[in-house]
Structure formats: C-alpha cells, structure tokens
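These notes concern the structure reproduced below.
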Amino acid sequence: MEFKDVQEGFANFGPYQTWYRVTGDLASGRTPLVILHGGPGCTHDYVDAFKDIAASGHAVVHYDQLGNGKSTHLPDQDPSFWTVQLFLDELDNLLDHLGIGQHYVLLGQSWGGMLASEHAVRQPAGLKAMILANSPSCMRTWVSEANRLREQLPPAVQQALLKHEQAGTYSDPEYVEASRVFYDRHVCRISPWPEEVARTFAQVDADPTVYHTMSGPTEFHVIGSLKDWTIIDRLHLVQVPTLVISGRHDEATEAVVKPYVEKIAGARWALFEDSSHMPHVEERQACMGTVLQFLDESL
Numbered sequence: 006m007e008f009k010d011v012q013e014g015f016a017n018f019g020p021y022q023t024w025y026r027v028t029g030d031l032a033s034g035r036t037p038l039v040i041l042h043g044g045p046g047c048t049h050d051y052v053d054a055f056k057d058i059a060a061s062g063h064a065v066v067h068y069d070q071l072g073n074g075k076s077t078h079l080p081d082q083d084p085s086f087w088t089v090q091l092f093l094d095e096l097d098n099l100l101d102h103l104g105i106g107q108h109y110v111l112l113g114q115s116w117g118g119m120l121a122s123e124h125a126v127r128q129p130a131g132l133k134a135m136i137l138a139n140s141p142s143c144m145r146t147w148v149s150e151a152n153r154l155r156e157q158l159p160p161a162v163q164q165a166l167l168k169h170e171q172a173g174t175y176s177d178p179e180y181v182e183a184s185r186v187f188y189d190r191h192v193c194r195i196s197p198w199p200e201e202v203a204r205t206f207a208q209v210d211a212d213p214t215v216y217h218t219m220s221g222p223t224e225f226h227v228i229g230s231l232k233d234w235t236i237i238d239r240l241h242l243v244q245v246p247t248l249v250i251s252g253r254h255d256e257a258t259e260a261v262v263k264p265y266v267e268k269i270a271g272a273r274w275a276l277f278e279d280s281s282h283m284p285h286v287e288e289r290q291a292c293m294g295t296v297l298q299f300l301d302e303s304l
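Reminder that position 203 of the sequence shown reads as 208 in our numbering, one-by-one numbering, no gaps.
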C-alpha cells in the first residue's frame, strides 16, 4: 500500500539525530500510532507494514532508534551509554518534536514492546492505548524459552550453535547458518524473507553495536545488558487499554507474553496461528485488522 501523505525528518536529540517518518496527517483528529521497532538495534524497515493503519485516518509514525538505521550511529560509544533510559528519553523527545505528546498510541514490537511498557508504567498523560507485539516481559523467561525451542532443532544444528558460543566465534559461517534455522522457525517463517525484513537484518550486521551491547550475538544467546531485565512486577501500573500480539510459532512463546495479559488490567491477547515473531509480515492483513479493531474500540 502506497500513501501520498508521507513526511520524513530528523528530531534533534541532544547532539544526535533521530530519523522519523510520518505516514498520514498528524492533524487528522485521530490518535496517531507510534511504532517502536525491536532489537534493540534493529531498524524501522521490518515493521514498515504498520503504515497500512494510516488508511484508517490514524497517522503512523516510524522512527529509527539512536544508533540504528538512518539515525545517528555511535559505534565507539562505551557500552554503558546504551540504556533503557536513553531510549525512553529519545521517545519522549520525538513525541515532543512532533507535537503529539498529549495524545498518542504506542505499538512496540519485540524489544519495542519492552520499551513501550517501560514508558507506560510511568503513566504518561498522553498515552491513550498500547499494543505489545511479540514482546518479552522478562528476559530470563525469554532465554529459558529460547533454550527450550533450541532443543527442538536438529542435533547437528544444536551442536554447531553450542560449539561457536563456547568459542565466541559468532561470525563463523557455520554459526550464522545454524542460527538461521532457528530464525526461519521462530522469527519469520516466510521464505525467502521479505525484502524489508532482510534489509533490517543486513543493517544490524553492518553495525551491531546496540544489538550486541544490550542483547547479544543472536536472539537466543542473550549475554548483553538486558539479560536480567524484567517488568513483570511493575505491569500493574499500566492504566491504558492494551493489546498483546503473538504468533503460535513465536520465539515470544505463551510463557513469554502471558504476564502482560495477566497483569495489565483488561489486556486482550491476539494469537496468530500461522505466524512466528512477525505476524505483521506473516499474516499482514489479519494483523492489521486486529490492530485497527482494537484502536476503534479503545479510543
């Protein structure tokens, strides 16, 4: 779907710049939807499909978080620079820059949902609803579930993964190939990957600074600064309508997303039977319909 009303720009964030794109009209009168991409360290490309929502009159804001995509890259920053608070501050700055800080909806995918929930528990007055797509609520649970899924991979794949993790040789082609077996089962089941998904992963490979620092070398080997992160004990503070999205084959398994459903008052859960980690790509039309219905009923 192509839109005529598309604007791109940069928001100054201290000495840095945050790239953003608005699809639709922020002054339409309908609450704008802000998309928080995953990673941490991915780009907006793979969640591009959510621009479809703009056809309903809700402007859709995509942006590349600092260190990624078209925003300022900082490959030489000390690892301590990359914090949850940094990305919360960047989000607040973008909302202010766009003039929508008093009336907006957040849709966070994977790490983006972690960031959205961190934002929501602070009870900002302008947040009107939230969508948490394929997101961990606790990284320890995420890792234990990833290990459970790993055990279902062919033995030779498991052995290759373990060998290179023990040696620290994450860029070895054998490790990359073995990782892809997991990704094709539990991250995106469309083969070959859609161009926008491949584009994101290529950009992470080109500058993995944020991803490696905060997460790790792969989705299932989490050794970065987020490895002990959890928000479960704070979810009761969320006060806005919330939709939780996941896929039947998702690396964000039922155990991973369930705390959001159980601990946020009135939260709804949409499970996509033919999807893994990217229902917005794998079942695009159904996913957009679910999101739009939620917006119609919640705002």
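In this text, a Cβ means the ideal position worked out from N, Cα and C, and glycines have one as well. Computed from a prediction, not measured in an experiment: that's the story for all the values here.
Between the stretch 238-254 and the stretch 195-210, can you find at least three pairs of beta-carbon atoms closer than 8 Å? no
Would you report the Cα separation of A172 and E182, rounded to the nearest angstrom? One-based indexing of the sequence shown puts residue 172 at position 167. One-based indexing of the sequence shown puts residue 182 at position 177. Taking the straight line from one Cα to the other gives about 16 Å.
Taking all protein chains shown into account, do 16 or more other C-beta atoms lie within 10 angstroms of the C-beta of P160, making it buried, or fewer, making it exposed? Along the sequence shown, one-based indexing puts residue 160 at 155. Classification for P160: exposed.
Taking only three categories from DSSP, how would you classify T23? Working through the sequence shown from its first residue, we reach residue 23 at position 18. In this structure, T23 counts as strand in the three-state DSSP scheme.
Under 8 Å by Cβ, that's how I've got H42 and T48 pegged, so tell me the actual separation to the nearest angstrom. To locate residue 42, count along the sequence shown from 1; it is residue 37. To locate residue 48, count along the sequence shown from 1; it is residue 43. Contact holds; Cβ gap of about 6 Å.
Note down, in chain order, each residue of its chain lying with its Cβ closer than 6 Å to the Cβ of Y51, except the 5 sequence neighbours on either side. The count along the sequence shown starts at 1 and reaches residue 51 at position 46. Excluding positions up to five away in sequence, the list reads E201, V202, T205.
If you measure between the beta carbons of V245 and M135, is that distance less than 7 Å? For the purposes of this step, residue 245 is identified with residue 240 of the sequence shown, where counting begins at 1. For the purposes of this step, residue 135 is identified with residue 130 of the sequence shown, where counting begins at 1. A contact, by the Cβ cut-off of 7 Å.
Helix, strand or coil: how does DSSP classify L100 here? In the sequence shown, counting from the first residue as 1, residue 100 sits at position 95. Helix at L100.
Hey, could you find the ends of the alpha helix (DSSP H) F18 is sitting in? Position 13 of the sequence shown, counted from the first residue, corresponds to residue 18. F18 -> not in any alpha helix (DSSP H); beta strand (DSSP E) instead, spanning 11-18.
Taking the alpha-carbon positions, what's the M283 to W116 distance? Sequence index remark: in the sequence shown, residue 283 carries index 278 (1-based). Sequence index remark: in the sequence shown, residue 116 carries index 111 (1-based). Between M283 and W116, the C-alpha separation is close to 13 Å.
Proximity to A260 [Cα-Cα], best of V286, V227, S142, P178: Here residue 260 is taken as the residue at index 255 of the sequence shown, counted from 1. Ranking V286, V227, S142, P178 by Cα distance to A260 puts S142 first.
Can you tell which of L137, L71, F92, L112 has its C-alpha closest to the C-alpha of A64? On the sequence shown, position 59 is the one that residue 64 refers to. Measuring from the Cα of A64, the nearest candidate turns out to be L112.
Could you pull out every residue in the same chain whose Cβ sits closer than 6 Å to the Cβ of W274, ignoring the five residues on either side in sequence? Locating residue 274 in the sequence shown gives position 269, where the first residue counts as 1. V249, V266.
Opposite V186 in the DSSP bridges: which residues? As a first step, residue 186 is located in the sequence shown; it is residue number 181 there, counting from the start. In the DSSP output, where bridge partners are listed per residue, V186 has none listed.
Would the stretch 229-236 count as touching the stretch 93-104 if we require 3 or more Cβ pairs under 8 Å? no
What are the boundary residues of the beta strand (DSSP E) that G252 is part of? By one-based count along the sequence shown, residue 252 stands at place 247. First-last of the beta strand (DSSP E) with G252: 247-252.
Hey, how far is the Cα of S149 from the Cα of D30? Translated into the one-based positions of the sequence shown, residue 149 becomes position 144. Translated into the one-based positions of the sequence shown, residue 30 becomes position 25. C-alpha separation (whole angstroms): 43 Å.
State the DSSP-derived secondary structure class of L132, mapped to helix, strand or coil. Here the question's residue 132 lines up with position 127 in the sequence shown. The answer is strand: DSSP assigns L132 an E or B state.
At least 3 beta-carbon pairs within less than 8 Å: the stretch 10-24 vs the stretch 187-194: no
Let me check understanding here. Comparing Cα to Cα, which of N17, S76, T28, L38 lies closest to G46? To locate residue 46, count along the sequence shown from 1; it is residue 41. Cα-wise, what sits closest to G46 is S76.
Proximity of A59 and F8 at Cβ, strictly below 7 Å: Along the sequence shown, one-based indexing puts residue 59 at 54. Along the sequence shown, one-based indexing puts residue 8 at 3. Their beta carbons are under 7 Å apart, which means A59 touches F8 by this criterion.
Is it right to say E224 is buried, meaning 16 or more other beta carbons lie within 10 angstroms of its own, or is it exposed? For the purposes of this step, residue 224 is taken as residue 219 along the sequence shown, with counting starting at 1. The residue in question, E224, is buried, as its Cβ has 16 or more Cβ neighbours within 10 Å.
Residues in the same chain with beta-carbon distance under 7 Å from Q128, minus the five sequence neighbours each way, listed in chain order, please. As a first step, residue 128 is located in the sequence shown; it is residue number 123 there, counting from the start. Within the same chain, Q128 has close Cβ partners L242, Q244.
Quick check: the Cα distance between D301 and A121, rounded to an integer number of angstroms? Within the sequence shown, the letter at position 296 stands for residue 301. Within the sequence shown, the letter at position 116 stands for residue 121. Cα-Cα distance, rounded: 20 Å.
Within 7 Å, strictly: CB atoms of L71 and A16: The count along the sequence shown starts at 1 and reaches residue 71 at position 66. The count along the sequence shown starts at 1 and reaches residue 16 at position 11. Contact: no.
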